[in-house]
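Worksheet for the structure shown next.
Protein chains: 2
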Amino acid sequence: MTIKGKATSLDIAHLAGVSQPTVSRALRGSPMVNAETRERILRIARELNYKVDKNASSLRLRNAGTLALLFFEDPTNDDSLINPFFHSMLGSITRACALHGQDLLVSFQQLSTDWQADYEDSNKADGIILLGYGDYHESRDRLQRLVEQGTHFVRWGAALPGQPGVSIGSDNFQGGHDITTHLLQQGCRRIAFLGHASSHYPEFQERYRGHVAALQEHGLAAEAALQHDAITTEASGQEACQTLLARGEPIDAICAASDLIAIGAMRALREAGLRVPQDVAVTGFDDIPLAASVSPALTTVQQDTKQAGQLLVERLLALIGRQAVDSQSIPVKLVVRESSQRG
Amino acid sequence: MTIKGKATSLDIAHLAGVSQPTVSRALRGSPMVNAETRERILRIARELNYKVDKNASSLRLRNAGTLALLFFEDPTNDDSLINPFFHSMLGSITRACALHGQDLLVSFQQLSTDWQADYEDSNKADGIILLGYGDYHESRDRLQRLVEQGTHFVRWGAALPGQPGVSIGSDNFQGGHDITTHLLQQGCRRIAFLGHASSHYPEFQERYRGHVAALQEHGLAAEAALQHDAITTEASGQEACQTLLARGEPIDAICAASDLIAIGAMRALREAGLRVPQDVAVTGFDDIPLAASVSPALTTVQQDTKQAGQLLVERLLALIGRQAVDSQSIPVKLVVRESSQRG
DNA sequence: CTGAAAGCGCTTACAG
DNA sequence: CTGAAAGCGCTTACAG
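Here it is, written out as structure tokens:
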């Protein structure tokens with residue numbers, strides 16, 4: 001009680017009349033400690049509000065009980081808000097960490113600069129979760145380097161064969177397929193796809209491939225003129241849609257690669273005096289909270305962020321535990337709302 | 344290179360032909376190391392991808408270079424999303440931490456359970472940032488305990504006299520005052536206030552006090568029938584508005600204590616066949632991203648999250664550095680959009 | 001300018 | 001069941 005500063009296990013040892021290692025054993029629940037002694041030690045520890053020094057114990061155990069979340073943004077993204085989808089991922093990752101008794105270090109990165117991925121090198125974290133879309137080609141080398149360095153990491157994103165490391169991602173192909181099929185069932189035939197469709201953005205590319213597959217199943221061919229690049233921001237979606245309309249290409253639906261793109265596109269349609277869904281049906285991807293609030297409410301593909309967070313954390317912990325771990329894709333769910341429902 | 348596992352400062356010492364302390368001095372930029380020796384050491388460290396072990400150095404320095412963000416939610420809140428306002432705070436806090444070379448531990452808490460505030464006790468963090476609204480009376484005792492334990496912490500929220508610890512918050516009184524004045528200038532006279540107005544929710548209470556002050560300046564008295572409790576969710580705002588309408592109280596404006604409440608209220612108004620702003624003007628508070636996207640766009644009070652994050656981090660670091668630190672309130676800005684503009 | 005020594009607080013073989 | 005000893009990797013007075 002009269003100890004200055006924080007109590008240590010040695011302080012407790014003195015008060016309990018035992019050696020310091022015995023205190024350590026008692027606190028860690030070792031079975032080879034006399035029950036009475038243990039009780040006495042635990043009581044004193046509680047009275048002193050003693051907490052094991054994590055620096056000392058991590059140093060000794062070579063294990064931090066901490067994971068790091070590296071969130072990186074595309075530098076082409078405007079400074080505004082982060083994709084709300086990732087907020088929901090952050091929430092589920094935090095909860096999954098708590099469930100597994102892990103603490104979570106969070107860091108926002110710029111893709112442009114070198115990733116500050118040395119949390120593990122400095123033993124501050126046992127592994128890293130990578131979150132954020134960007135140019136995949138740019139990040140691939142870095143991922144490769146992480147693998148070579150033996151860094152433990154999992155990333156959120158398309159799980160494609162031959163990728164460096166472990167990826168957890170939604171079944172983007174299925175999502176693109178299902179939502180396009182839905183549009184076709186609504187009678188749409190001139191469906192524009194807004195979003196990058198190159199290997200630089202594998203998630204979007206997979207959604208586009210699913211889109212094309214669905215078209216083909218209905219005997220339709222994908223037209224290059226109906227695909228227009230966009231990144232995941234409202235501004236980009238709005239601009240892409242304006243360009244599309246300016247080209248005069250006749251369309252009856254927009255299949256956007258993300259909800260933010262879709263919402264930007266709806267704004268452009270409104271400005272052009274077109275009604276959603278009567279003149280043009282619109283769909284998104286992600287099911288961010290905004291999707292349900294927007295008017296008309298947005299039909300979209302829901303990603304299972306809860307399962308995603310759990311899988312990311314569990315696989316990372318398995319990796320840290322030296323188990324073999326595979327990439328995995330997570331099923332998605334079509335959510336039909338007003339923006340796609342025609343007569 | 345042929346060293347198994349991670350390189351240590353001792354490995355570098357061997358390779359550089361110096362003692363381990365010299366390596367430590369060189370890496371920390373001590374001026375009393377020969378320039379050539381320093382260069383050699385730094386080169387070798389780089390080649391080995393050496394990173395100082397933070398557990399060892401924190402243990403020795405008694406300083407973790409890490410802050411913890413405790414985010415707590417009101418248990419009465421539905422499981423849905425977190426108040427988007429806090430996402431923006433999270434972003435600015437993360438950036439401020441990076442700026443000050445601090446790592447950030449993030450943890451979501453339930454108000455109901457005991458705060459897991461022992462990051463500092465375990466020396467994992469040097470101080471704590473508390474973020475989240477809840478019943479202030481419930482948290483007050485816990486804050487008091489933190490102060491008694493000598494925990495370094497700052498909290499986001501109303502900065503009121505006599506509070507335990509340091510608080511950084513918006514000037515809620517001014518915000519409530521300004522937005523009400525704006526409504527009055529638009530000709531509104533029957534203004535309902537949606538949000539708690541008790542000392543259990545000091546931020547809302549301050550907004551309400553500002554609201555009342557503005558009314559009085561215009562020779563109007565606050566009417567109890569025009570205030571209705573609500574917490575910061577759309578659902579709560581919608582319900583509060585429905586109740587209000589059901590009571591048949593004539594109103595020409597709703598001054599909501601937060602954007603989410605306002606958005607819920609707008610939904611209730613729409614369902615009741617009332618037009619915003621023609622029949623009822625609506626205002627919010629926070630300026631979350633949704634506020635600008637919603638239709639009609641929401642007039643609101645913008646909180647300066649960027650400055651807030653900076654202040655929270657800077658004051659906490661000052662506190663850790665044993666400086667005297669005061670609470671502070673941050674100016675807010677009225678943002679006029681469509682939802683309040685009458686003819 | 002540099003090295004030998006001590007110590008941060010813990011955990012775990014190793015003896016008893 | 002318990003203690004004495006060693007060591008995790010670093011930083012910093014203390015000598016030189």
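Each protein sequence line maps, in turn, to chains A and B.
By our numbering, the letter at position 305 of the first sequence is numbered 305, and the numbering carries on one by one without gaps.
Count along the second sequence from 1, add 343, and you get the number used in our numbering.
Beta carbons: idealized from backbone N, C-alpha and C, even for Gly.
For clarity, every value in this text was computed on a predicted model and none was experimentally measured.
Would you verify that the beta carbon of residue i is, or is not, closer than 8 Å to some beta carbon of chain B?
i: R95 of chain A; result: yes
i: N34 of chain A; result: no
i: I263 of chain A; result: yes
i: Q20 of chain A; result: no
i: K54 of chain A; result: yes
i: P277 of chain A; result: no
i: F285 of chain A; result: no
i: D78 of chain A; result: Because the pLDDT at D78 of chain A is just 43, under 50, the model does not fix this residue reliably, and the value given afterwards should be weighed accordingly. Output row for D78 of chain A: interface = no.
i: F108 of chain A; result: yes
i: Q149 of chain A; result: yes
i: L290 of chain A; result: yes
i: H200 of chain A; result: no
i: A9 of chain A; result: A small correction: the amino acid at residue 9 of chain A is Ser; Ala does not occupy that position in the sequence shown. So no, S9 of chain A is outside the interface.
i: S293 of chain A; result: yes
i: K59 of chain A; result: Looking at the sequence provided, one finds Leu at residue 59 of chain A rather than Lys. Cβ-Cβ to chain B under 8 Å: yes for L59 of chain A.
My guess is that residue i and residue j are in contact by the Cβ rule of under 8 Å, so how many angstroms apart are they, rounded?
i: G175 of chain A; j: V294 of chain A; result: Their Cβ separation, rounded to whole angstroms, is 19 Å, which puts G175 of chain A and V294 of chain A out of contact at 8 Å.
i: I631 of chain B; j: D595 of chain B; result: Not confirmed; about 25 Å, so no contact.
i: A159 of chain A; j: S329 of chain A; result: 5 Å
i: V675 of chain B; j: S513 of chain B; result: 5 Å
i: G607 of chain B; j: C584 of chain B; result: 7 Å
i: G652 of chain B; j: M432 of chain B; result: 6 Å
i: H177 of chain A; j: G134 of chain A; result: The pair is not a contact, with the Cβ atoms about 25 Å apart (cut-off 8 Å).
Can you say whether residue i is buried or exposed, counting buried as having 16 or more other CB atoms within 10 angstroms of its CB?
i: Q120 of chain A; result: According to the sequence displayed, residue 120 of chain A carries Glu and not Gln. E120 of chain A is buried by the Cβ-count criterion.
i: L298 of chain A; result: buried
i: D326 of chain A; result: exposed
i: A567 of chain B; result: exposed
i: M375 of chain B; result: exposed
i: H137 of chain A; result: exposed
i: D484 of chain B; result: exposed
i: E73 of chain A; result: buried
i: L290 of chain A; result: buried
i: E491 of chain B; result: exposed
i: E373 of chain B; result: Reading off the sequence, residue 373 of chain B comes out as Ser, not Glu. Classification for S373 of chain B: exposed.
i: N123 of chain A; result: buried
i: R386 of chain B; result: exposed
Using a Cβ-Cβ distance under 8 Å, would residue i count as near chain A?
i: N426 of chain B; result: no
i: K467 of chain B; result: yes
i: K649 of chain B; result: no
i: F496 of chain B; result: no
i: Q645 of chain B; result: no
i: G434 of chain B; result: yes
i: Q445 of chain B; result: no
i: K394 of chain B; result: yes
i: D461 of chain B; result: yes
i: D720 of chain B; result: Residue 720 of chain B falls outside the range modelled here, since chain B spans only 344 to 686, and no answer is possible.
i: D602 of chain B; result: no
i: D464 of chain B; result: yes
i: K328 of chain B; result: Past the boundaries of the shown model lies residue 328 of chain B; chain B is included only from 344 to 686, so the question cannot be answered.
Going by CA-CA distance only, name the one from the options that's closest to residue i.
i: N398 of chain B; options: B:R658, B:E582 and B:A468; result: B:A468
i: Y544 of chain B; options: B:A600, B:D446, B:L588 and B:V555; result: B:A600
i: P84 of chain A; options: A:A96, A:R95 and A:F71; result: A:F71
i: L10 of chain A; options: A:E39, A:V52 and A:S30; result: A:V52
i: Q227 of chain A; options: A:A197, A:A235 and A:G127; result: A:A197
i: E614 of chain B; options: B:A634, B:G508, B:T586 and B:C598; result: B:T586
i: Q307 of chain A; options: A:Q323, A:L220 and A:T94; result: A:T94
i: V212 of chain A; options: A:C97, A:Q185, A:T180 and A:D229; result: A:T180
i: W499 of chain B; options: B:E390, B:L489, B:E546 and B:I574; result: B:E546
i: G508 of chain B; options: B:I472, B:P639 and B:A388; result: B:I472
i: H430 of chain B; options: B:S373, B:V449, B:H443 and B:Q581; result: B:V449
i: A192 of chain A; options: A:D118, A:V280 and A:C97; result: A:V280
i: Q185 of chain A; options: A:R28, A:V276, A:A246 and A:A214; result: A:A214
Please list the segments of the alpha helix (DSSP H) lying wholly inside the stretch 379-460 of chain B, counting only runs of 4 or more residues, in order along the chain.
Counting whole runs of 4 or more residues, the stretch 379-460 of chain B contains the alpha helix (DSSP H) stretches 397-404 and 427-442.
Taking the runs of the beta strand (DSSP E) that are 3 residues or longer, which of them lie wholly in the stretch 265-323 of chain A?
If we require 3 residues or more, the beta strand (DSSP E) runs fully inside the stretch 265-323 of chain A come out as 281-283 and 300-302.
Entirely enclosed alpha helix (DSSP H) segments - the stretch 214-262 of chain A, minimum 4 residues:
Complete alpha helix (DSSP H) runs here, min 4: 234-246.
Would you list, in sequence order, the uninterrupted beta strand (DSSP E) runs of no fewer than 3 residues that lie entirely inside the stretch 158-204 of chain A?
DSSP runs (the beta strand (DSSP E)) wholly in the stretch 158-204 of chain A: 166-170 and 191-194.
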